[in-house]
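Engineer:
Numbering (UniProt numbering), first residue to last: 1 to 314.
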């Protein structure tokens, strides 16, 4: 995959590695490395710091995942702009690597929030769970309005920005299917996948709402309602656990949010539940709820000096 990849064109910024200075590595995946970079020549109120996702052409070609990378680029382009979807500024390539230039989101992810609560043996306050789930509902609603299904919603794919808001990332499994379409490719994560995904009967946009419900329940209870491990486990055979057992663990307010998400138009239901962004209607005031949610520390936001600065493997 060392040749030029068709369609990998510049976006908002005509960019190349020579325009960027690496600061430190942020994360590493099986076939990619994400760098905190500084862009030279950026002026005005635009931050010069970005996240650069570098993907090895050789590695994705070996495992046959080139289409996934192109699918991610296509989805991100189609979904811009949206406040709760990671911003894609540019894509470019050299002989060995494909690059995504993305907005920098340094507040960690929702998995980190849940792990910190778990270490303190604390449950997420219900207003926080409503806040996070409302943002995710708006992001999913935007995908669905554009004809996309996400297909792998889980806490690891939900970043937290500097103000404490959720930002959906990692669109390698997102696929355009239209409102009535069905994707037969088996993707997703066991604990969050809908029964039709596990049964390999195809996923639809409705499958995203199942995953959304699992994430919401994990926020409220600290545990996923399903677990994987052996052939007799419900998640392995696509059989849901007893709903009554889950209901007893959640109070009436949380169940109301879950009920709203299961209605015919879940995005509109949750917008009403949250007061459409704090503008009234009896729902949660987004600004007020945000004051109580986890925000990244000042040190996390400003630590632009340390870390791995090599391009090893790329």
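Backbone N, C-alpha and C fix where the C-beta goes; we use that ideal spot for every residue, glycine too.
Given that a residue counts as buried once 16 or more other Cβ atoms are within 10 Å of its Cβ, and exposed if not, what is residue 47?
Structural biologist: exposed
Engineer: Just reading off the beta strand (DSSP E) that residue 82 is part of, what are its end residues?
Structural biologist: Premise fails: residue 82 is in no beta strand (DSSP E) and is neither H nor E.
Engineer: Which of helix, strand or coil does DSSP assign to residue 60?
Structural biologist: Three-state result, residue 60: helix.
Engineer: From the DSSP output, which residues share a beta bridge with residue 53?
Structural biologist: 34, 100
Engineer: Tell me, which residues are paired with residue 149 by DSSP?
Structural biologist: 175
Engineer: Contact between the region 159-169 and the region 189-199: three or more CB pairs below 8 angstroms?
Structural biologist: no
Engineer: Along the chain, where does the alpha helix (DSSP H) containing residue 114 start, and where does it finish?
Structural biologist: 110-119
Engineer: Express the C-alpha separation of residue 129 and residue 315 in angstroms, rounding to a whole number.
Structural biologist: Absent from the model: residue 315. The displayed extent of the chain is 1 to 314, so no value can be given.
Engineer: Please state whether the Cβ-Cβ distance between residue 174 and residue 132 is less than 8 angstroms.
Structural biologist: no
Engineer: Once you ignore the five residues that flank residue 154 on each side, which residues in its own chain have a CB closer than 6 angstroms to its CB?
Structural biologist: 189, 192
Engineer: Is residue 24 helix, strand or coil when you go by DSSP?
Structural biologist: When DSSP states are grouped into helix, strand and coil, residue 24 belongs to the strand group.
Engineer: Can the beta-carbon of residue 123 be found less than 8 angstroms from the beta-carbon of residue 117?
Structural biologist: yes
Engineer: Based on the DSSP output, what are the partners of residue 160 in its beta bridges?
Structural biologist: Residue 160 pairs with 166.
Engineer: Between 224, 135, 214, which lies nearest to residue 82 when the distance is taken from Cα to Cα?
Structural biologist: Of 224, 135, 214, the residue nearest in Cα terms is 135.
Engineer: For the alpha helix (DSSP H) containing residue 17, name the first residue and the last one.
Structural biologist: Element bounds for residue 17: n/a, residue is neither H nor E.
Engineer: Who are the near neighbours of residue 97 in its chain, counting only those whose CB is closer than 8 angstroms to its CB and skipping five residues on each side?
Structural biologist: 54, 55, 56, 57, 314
Engineer: By the three-class DSSP mapping on this structure, what secondary structure does residue 124 have?
Structural biologist: coil
Engineer: So, do the region 103-113 and the region 68-77 have three or more beta carbon pairs nearer to each other than 8 angstroms?
Structural biologist: no
Engineer: Assign residue 199 to one of three DSSP states: helix, strand, or coil.
Structural biologist: coil
Engineer: Is residue 51 buried or exposed, if buried means 16 or more other CB atoms sit within 10 Å of its CB?
Structural biologist: Buried, by the Cβ-count rule.
Engineer: So what's residue 90 in DSSP terms, helix, strand or just coil?
Structural biologist: strand
Engineer: Buried or exposed: which applies to residue 197, given that a residue is buried once 16 or more other Cβ atoms fall within 10 Å of its Cβ?
Structural biologist: buried
Engineer: Let me make sure I understand the geometry here. Which of 206, 125, 88 has the alpha-carbon closest to that of residue 100?
Structural biologist: 88
Engineer: Going straight from the alpha carbon of residue 16 to that of residue 223, what length do you get?
Structural biologist: 43 angstroms
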